[in-house]
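Read top to bottom, the protein sequences are chains A and B. Using our numbering, you'd call the opening residue of the first sequence number 1 and step up by one each time. Using our numbering, you'd call the opening residue of the second sequence number 1001 and step up by one each time. Yeah, the Cβ is synthetic: ideal placement off N, Cα and C, and Gly gets one too. Nothing here was measured: the structure is a model prediction, and the numbers come from that model. One structure below.
Protein chains: 2
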Amino acid sequence: MKGTQLGELEEIVLLVVANLYDNAYGLLIKLEIEEKCNRSITISTVHNVLQRLADKGFLDSRYSDPTPERGGKRKLLFTVTKSGQQALEKSRDIRATLWSGIPKVAFDK
Amino acid sequence: MKGTQLGELEEIVLLVVANLYDNAYGLLIKLEIEEKCNRSITISTVHNVLQRLADKGFLDSRYSDPTPERGGKRKLLFTVTKSGQQALEKSRDIRATLWSGIPKVAFDK
DNA sequence: TATTATTTTTTCGACAAAAGCGAAATTAAT
DNA sequence: ATTAATTTCGCTTTTGTCGAAAAAATAATA
Chain A
1 MKGTQLGELE EIVLLVVANL YDNAYGLLIK LEIEEKCNRS ITISTVHNVL QRLADKGFLD
61 SRYSDPTPER GGKRKLLFTV TKSGQQALEK SRDIRATLWS GIPKVAFDK
Chain B
1001 MKGTQLGELE EIVLLVVANL YDNAYGLLIK LEIEEKCNRS ITISTVHNVL QRLADKGFLD
1061 SRYSDPTPER GGKRKLLFTV TKSGQQALEK SRDIRATLWS GIPKVAFDK
C-alpha cells in the first residue's frame, strides 16, 4: 500500500473507534473487535494500528482526565477525523459497487 | 493474519474475479480493478495476489483453450471457490454490523 | 517447413508496508 | 514502595507492490 490506503485491520479499527464514539481507547477497542468480529487480537496490535492510523491522519487523539479507578496511565482517547471518515466511505462505496456487479451465476446457493 | 484472513487487496481481487465470472484472468482483472477502484496496479501485483488466494483455497484455476488471437500463453482462468465466497460474505457482514453501530453524532455531515 | 520474430500472458525474485506479538516502560492510585 | 491499567518498543510474519525474465502461441520469412 502506498501509505494512504486503508489496510484490512486499519479499516476495522477505524470503524470500531467510530462505534465507541467518545470512549475509544486501546483495551475497549480490543474487546469490541473481539466481540463484533469474532477474532482474537492483542492489545499491542491494536495500539500499533491506532498509531499508524493517527500518522495517516485518519485519527485524532487526546489524553483523558485521570479516572477515579485503582491505577494506570491516563487513557489515550481516539476519534475519527474527517479524512478518516472519507476513507471509510470510499472503501464502503467501492465494495458496494463490486458486490452489485457480481452475476447471480457466480455464487451458487 | 494467520493465513486465512482476507487482506484488503485480496478481497478486492476476489470480488473482481466474481464480477468477471467466466473470464477472470490477469490482465482483465487488472483493468477491472483500475476502472472500478480508480487505482493503478501492475499485472505482477495482480498475479501475486491471485496466486496467494489460490494457495488459501479461495480461488480455483484452469488454463483456457488457446484463443485465435495473435500470440501469447494460454490464459489462466480463475473462479471463486465456495470457501472464497464464504470469506467474502463474512467480511461483508462484519462491516455491515460495524457500520450500523456507529452513532449519528460520530460522523458530522 | 523450419526458423526466427512478435505478442500476450504468467512466473520469479526482491523489497516496502501492514499485521501481529511479547515484554518493557509509564503513570496513577493504594 | 506496591500494585494495577495503559501505552510504547523491538522484532517477526504476512500482504502489497513492482520490474524483469520466462513461456507459449501465432505470424512472418527464407
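- With a threshold of 8 Å between beta carbons, B/Glu1035 makes no contact with chain A.
- Relative to B/Ser1044, the option among B/Leu1031, B/Lys1056, B/Asn1038 whose CA is nearest is B/Leu1031.
- Residues of the same chain with a CB within less than 8 Å of the CB of A/Leu6, apart from the 5 flanking positions on each side, are Leu14, Phe58, Ala87, Leu88, Ser91 in chain order.
- Here A/Gly3 is exposed, its C-beta having fewer than 16 other C-beta atoms within 10 Å.
- Non-local beta-carbon contacts of B/Leu1009 in its own chain, meaning distances under 6 Å to residues more than five positions away in sequence, involve Val1049 in chain order.
- A/Ala24 sits close to A/Thr79, with the two beta carbons spaced by under 8 Å.
- Here DSSP, grouped into helix, strand and coil, assigns B/Arg1062 to strand.
- Secondary structure at A/Thr97: helix, using DSSP grouped into helix, strand and coil.
- For B/Ala1018 against A/Ile102, the beta-carbon gap comes to about 5 Å, under 8 Å, which counts as contact.
- DSSP places B/Val1016 outside any beta strand (DSSP E); the residue lies instead in the alpha helix (DSSP H), whose first and last residues are 1008-1020.
- Counting every other CB atom within 10 Å of its CB across the protein chains shown gives A/Val105 a total below 16, marking it as exposed.
- Listed along chain A, no residue sits closer than 8 Å to B/Phe1058 by beta-carbon distance, the nearest being about 13 Å off.
- In the same chain as B/Asp1065, and ignoring 5 residues on each side of it, the C-beta atoms closer than 8 Å to its own belong to Arg1074, in chain order.
- Under the DSSP assignment, B/Val1105 falls outside any beta strand (DSSP E); it carries neither an H nor an E label.
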